[in-house]
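See structure below.
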Amino acid sequence: MTFKSPSTPSHLNPMQWQQALAVSRDVCARVFRDGGKPNDALASFGVSGAGNDNLASVNWDRAVDMIAEEICAHPMAHAA
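One rule links them: number in the numbering used here = place in the sequence shown (from 1) + 11.
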């Protein structure tokens with residue numbers, strides 16, 4: 012039996028998800044520190060509001076999750 016964290020999407024490796032969350036938290040912290048808003052952080056990763064009717068209402072918590080989902084959505088290139 013395998014157990015996953017309730018916050019980890021079921022289709023992802025938990026380690027990959029935790030690393031993606033760490034990167035997205037770091038990015039959001041930098042944007043926040045520089046006076047930006049959550050949608051500025053989303054724009055830096057090219058995340059559009061396709062799933063959200065009102066992108067302006069996205070809070071930092073949701074922005075972190077959306078960026079982590081975007082990071083996990085694309086496979087990373089392997090070095091030769």
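We put the beta carbon where it would ideally sit given N, CA and C, even for glycine.
Because the structure is a prediction, the values reported are computed rather than measured.
Which whole-angstrom value is the C-beta distance of residue 81 and residue 56, which I expect to be below 8 Å? Contact holds; Cβ gap of about 5 Å.
Grouping DSSP H, G and I as helix and E and B as strand, with all else coil, what is residue 38? In this structure, residue 38 counts as helix in the three-state DSSP scheme.
Using a Cβ-Cβ cut-off of 8 Å, state whether residue 77 counts as contacting chain B. Given the protein chain composition of this structure (a single chain), no chain B is represented.
Buried versus exposed, by CB contacts within 10 Å (16 or more), residue 77: With 16 or more other Cβ atoms within 10 Å, it is buried.
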